[in-house]
Amino acid sequence: MNSPATVASLHHIACATDLSDPAGVAADRAAQLAAQHTARLTLLHVISSGWVDELRAWLADSAQWQDKMTVETKGRLEAEAARLNGASGAQASAVLLEGHPVTTLAETVLAQHIDLLTIGARGSSPLHHLLVGTTAERLLRKVACPLLVVRRPSPQPYRRVLIPLDFSPWSERAVGLARLLAPDAMLVLMHSFSIPFEEKLRFAGVDDATLVHYREKVRNEARQQMQDFVLIHDLPENGYELCLTEGDAPQHILTQARERGCDLIVIGKHGRHAAEELLLGSVTKHVVSEAECDVLVSTARGA
553 MNSPATVASL HHIACATDLS DPAGVAADRA AQLAAQHTAR LTLLHVISSG
603 WVDELRAWLA DSAQWQDKMT VETKGRLEAE AARLNGASGA QASAVLLEGH
653 PVTTLAETVL AQHIDLLTIG ARGSSPLHHL LVGTTAERLL RKVACPLLVV
703 RRPSPQPYRR VLIPLDFSPW SERAVGLARL LAPDAMLVLM HSFSIPFEEK
753 LRFAGVDDAT LVHYREKVRN EARQQMQDFV LIHDLPENGY ELCLTEGDAP
803 QHILTQARER GCDLIVIGKH GRHAAEELLL GSVTKHVVSE AECDVLVSTA
853 RGA
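Sequential numbering of the sequence shown, starting at 553, is according to this note's numbering.
Pasting the structure below:
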C-alpha cells in the first residue's frame with residue numbers, strides 16, 4: 553500500500569458515528585472543525601453486514617425488520633445532521649452505509665475524497681471499539697486520511713497541541729497537519745531521547761562518570777535536533793514550546809500532554825523504526841488507547 557499524500561487543506565471532513573453520546577461528541581468536534589475551515593461535513597453510519605446476515609438467519613420476515621431499522625436509523629442520522637447544522641452552522645449531510653465497518657469506511661473515505669475522519673473514543677457498537685488491538689490497526693492501515701479520535705467535548709478550536717517528535721518522516725508530517733488543523737494553537741514539540749546501549753555499557757563496566765558525560769552528549773544532540781527542526785519548519789517564535797525528556801516515550805507523551813494542558817496530541821502513524829507500513833507503531837497505539845485528550849493520527853509519510 554502506498555503512503556497517502558499529505559493533506560494540504562481540509563475540504564471534506566467526515567464523522568463515523570453509531571449515534572451514541574460519545575459519537576455525538578466526535579460529531580460536535582467535526583462540525584466545529586468544518587465551520588472553522590469552511591469544509592463540507594458528512595456523517596457516516598455503517599449498518600454492519602454481519603448483523604444483517606444474523607437477522608436474516610433468525611427472522612422469517614427479516615426484510616421487513618431490516619427496512620424498518622434502516623428507515624429509523626436514517627431518520628436518526630438525518631436528525632443528528634440537522635442538530636449540527638443548527639448548532640455550528642456547518643453544512644452536514646447524512647450517509648447511511650451497509651457493509652463491514654472498517655472496509656466500508658475506508659472505501660468511502662477514498663470515494664468521497666475525505667480529508668479527515670473523526671470518531672469517538674467510546675461507543676455502543678463494534679464501530680467504536682476500533683481503538684483497541686488489531687481493529688485499530690486495520691482502520692489506520694486502510695483509511696487514506698488522518699484519523700481524529702475525540703474524547704473531550706469542546707466547542708472551541710484546539711488551543712494547545714502536543715506533537716511527539718522522533719524526526720522521522722511520519723513526525724515531520726504530523727507537524728504540518730497540526731498547523732493545518734489548529735493554525736492558532738500553541739505547539740508543544742516534544743522529544744524523548746534515550747541512551748543507546750546504556751544497559752550493555754553498564755554491564756561492560758563503564759563507570760558512572762563516563763555514562764553521565766555520554767548522557768549529556770546525547771541530550772545536547774537531541775536539543776540541537778529540536779532547534780534545527782524549528783528553523784527548518786519556520787515556526788513563529790511565540791507559537792511553540794520545546795519539551796525534552798528522557799526515557800519511556802509513551803508515558804512521557806501522556807504525562808506532558810496532561811501537565812501542559814494540551815487538548816490535542818498529533819502523532820505519526822509510525823515512528824523512525826517502522827519495519828512495515830501496514831503495522832501501527834507501538835508508541836502510537838499506546839497513545840491512542842491511553843490519552844486523556846483527543847488524538848490525531850497522521851497517516852501521511854514524508855519523502
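Built from N, CA and C at the ideal position, the CB exists for glycine as well.
Taking the Cα of residue 792 as reference, the smallest distance to any Cα among 716, 598 and 648 is reached at 716.
Relative to residue 782, the option among 728, 649, 580 and 567 whose CA is nearest is 728.
Distance between residue 806 and residue 789, taken at the CA atoms: about 25 angstroms. Inclusion of residue 583 and residue 644 in the CB contact set at 8 angstroms is warranted, their separation being smaller than that value. Here the segment 766 to 777 does not lie against the segment 697 to 713, with fewer than 3 beta-carbon pairs under 8 angstroms apart. Straight-line measurement puts the Cα of residue 598 at about 5 angstroms from the Cα of residue 650. A check of alpha carbon separations from residue 627 across 571, 849 and 564 identifies 571 as the nearest. Around the CB of residue 623, fewer than 16 other CB atoms lie within 10 Å, so the residue is classed as exposed. Following the DSSP letters along the chain, one finds residue 810 inside the alpha helix (DSSP H) bounded by residues 801 to 811. When only Cα atoms are considered, residue 808 and residue 577 end up about 24 angstroms apart. With contacts defined as CB atoms closer than 8 angstroms, residue 834 and residue 798 fail to qualify as a contacting pair. The Cβ neighbour count for residue 705, taken over all protein chains shown within 10 Å, is under 16; the residue is labelled exposed. Following the DSSP letters along the chain, one finds residue 721 inside the alpha helix (DSSP H) bounded by residues 721 to 733. Cα atoms of residue 667 and residue 592: separation of roughly 10 angstroms, rounded to the nearest angstrom. Note that the C-beta distance between residue 818 and residue 848 is below 8 angstroms. Within the segment 627 to 672, the runs of alpha helix (DSSP H) at least 4 residues long that lie entirely inside it are, in chain order, 653 to 663. Under DSSP, residue 744 shares a beta bridge with 797.
Our two residues, residue 718 and residue 803, have alpha carbons roughly 15 angstroms apart in a direct line. DSSP places residue 850 within a strand segment (E or B) once states are collapsed to three. Put simply, the backbone Cα of residue 778 is about 43 angstroms away from that of residue 646. Under the 10 Å beta carbon count, residue 784 is surrounded by fewer than 16 other beta carbons and is classified as exposed. With contacts defined as CB atoms closer than 8 angstroms, residue 567 and residue 670 qualify as a contacting pair. The alpha-carbon of residue 594 is positioned some 8 angstroms away from that of residue 564.
The Cβ neighbour count for residue 574, taken over all protein chains shown within 10 Å, is at least 16; the residue is labelled buried.
DSSP, reduced to helix, strand and coil, places residue 586 within a helical segment of the structure shown.
In this structure, residue 658 sits near residue 694, with a CB-CB distance shorter than 8 angstroms.
The three-state reading of DSSP puts residue 833 in coil, since its state is none of H, G, I, E or B.
Residue state for residue 600 is assigned as strand, using DSSP reduced to three classes.
For residue 563, there is no enclosing beta strand (DSSP E), as DSSP gives it neither H nor E. As DSSP reads the structure, residue 594 sits in a beta bridge with 566 and 645.
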